[in-house]
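Residue numbers (the working numbering): 1 to 141. We put the beta carbon where it would ideally sit given N, CA and C, even for glycine. Just so you know, these numbers come straight off a predicted model, no measurement behind them.
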């Protein structure tokens with residue numbers, strides 16, 4: 001298994017310490033030879049913020065290779081999916097056993113999920129942008 005998750009892209013904007021790179025993210029089936037016939041393949045253009053220094057020679061319009069570590073992506077999956085799922089299931093089981101009302105418990109758990117993501121976004125945004133970010137490995141030749 002590779003140490004990095006890599007995406008190729010094009011530098012769109014550069015400021016001091018901040019670079020914006022446009023990548024084309026393809027779905028898993030986009031590489032299939034019959035993808036155009038089946039119309040299930042998708043590709044999306046995404047803008048990725050890269051913080052920190054860039055290699056020499058990188059400028060707006062340069063083709064670059066972005067890399068993020070597998071550990072970073074696993075940490076992001078934990079915070080975005082695993083922790084909320086555990087919280088959701090635990091809260092739902094606890095509330096249903098305490099109240100006996102499934103509808104009320106479901107509404108409270110949905111509100112709890114909204115609060116979780118709101119608080120996570122407000123309190124951890126800066127930390128996540130530093131710790132869970134891509135970096136530019138090199139320019140593509």
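query	result
Should residue 100 go down as buried or exposed, given a rule of 16 or more other Cβ atoms within 10 Å for buried?	exposed
What are the residues that DSSP puts in a beta bridge with residue 134?	50
Write down every uninterrupted run of the alpha helix (DSSP H) in the stretch 49 to 106 whose length is 4 residues or greater and which is fully enclosed by it, in chain order.	70 to 77 and 83 to 99
Could you please give the first and the last residue of the uninterrupted beta strand (DSSP E) stretch that includes residue 13?	4 to 15
Please name the residue in 64, 15 and 51 whose C-alpha comes closest to that of residue 7.	64
In whole angstroms, what separates the C-alpha of residue 20 from that of residue 96?	46 Å
Write down the C-beta distance between residue 50 and residue 135 rounded to the nearest angstrom, noting that I regard them as a contact closer than 8 Å.	6 Å
Spatial neighbours of residue 68 within its chain, please: CB distance less than 6 Å, with the 5 preceding and 5 following residues excluded, ordered by chain position.	5 and 134
On the three-state DSSP scale, how would you describe residue 127?	helix
Tell me whether the beta-carbon of residue 14 lies closer than 8 Å to the beta-carbon of residue 86.	no
Suppose you measure from the CA of residue 130 to the CA of residue 17; what does that come to, to the nearest Å?	12 Å
How many angstroms separate the CA atom of residue 3 from the CA atom of residue 123?	29 Å
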